[in-house]
Amino acid sequence: MFKKIVFDYRDRQSRSAKTTSVIIDAQSIKNTDTAEHKGYDAGKKISGIKRHLAVDINGLPQAIHVTTVNVSDRDGASAMLALNSSHLSQVSTVLVDGGYTGSNFAADVHTNLKATVQVAKRNELHKFEVLPQRWIIKRSFSWLDKCRRLWKNCERHLNTSLQMIALAFISLLLKRY
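The sequence shown begins at 1 in the UniProt record's numbering and counts up by one.
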């Protein structure tokens, strides 16, 4: 049902129902005491879950996957693409940040989607600049953070967290209609 709503929204904008380019990123979310599935990310010092999103140019999700936070960005994104490969069959370009570098991830994307990976790298001079097309997925994560139930993970199961993310995007789409 969710994918049908996104397809209808893309049709209203005179776009193809299926996208040819996706932007992938992950967001780590802290857990509350009620959550059962926990992982620990030593780099960010967070115990919680990780949301993996693949969005189109409008910032609307084409694929969603929720894992514990100890799963790496590359492994979670590869699993997300494998689970949604039939839905993402027309994708030819996958845009990612520097955390997804490596030949293994590019090989997984090529195996699952027959697509190429473009890595948007930061400038070596450590000065702030907006990376092209990367702000779209950051905007999608900020839409999720506006939902009271999603700013922390209080769900017992990962599938419930996944459904709450889908409901948040459905409510966003209904406001746009």
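The beta-carbon is built from N, C-alpha and C at its ideal position, and this holds for glycine as well.
Check, Outcome
"With DSSP as the reference, identify every bridge partner of residue 94, one or two as the case may be.", "22, 117"
"Run the CB neighbour count on residue 62, radius 10 Å, all protein chains shown included, and call it buried at 16 or more, exposed below.", "buried"
"To the nearest angstrom, how far is it from the Cα of residue 55 to the Cα of residue 30?", "22 Å"
"Measuring CB atoms only, is the region 101-115 touching the region 43-58, in the sense that at least three cross pairs come out at less than 8 Å?", "no"
"Please state the DSSP three-state secondary structure of residue 100.", "helix"
"Suppose you measure from the CA of residue 57 to the CA of residue 133; what does that come to, to the nearest Å?", "8 Å"
"Only counting the same chain, and skipping five residues up and downstream in sequence, which positions put a Cβ closer than 6 Å to that of residue 27?", "51, 141"
"Is the beta carbon of residue 59 closer than 8 Å to that of residue 139?", "yes"
"Alpha carbon to alpha carbon, how far is residue 110 from residue 81?", "10 Å"
"Kindly indicate which residue of 25, 9, 19, 177 has the alpha-carbon position closest to the one of residue 96.", "25"
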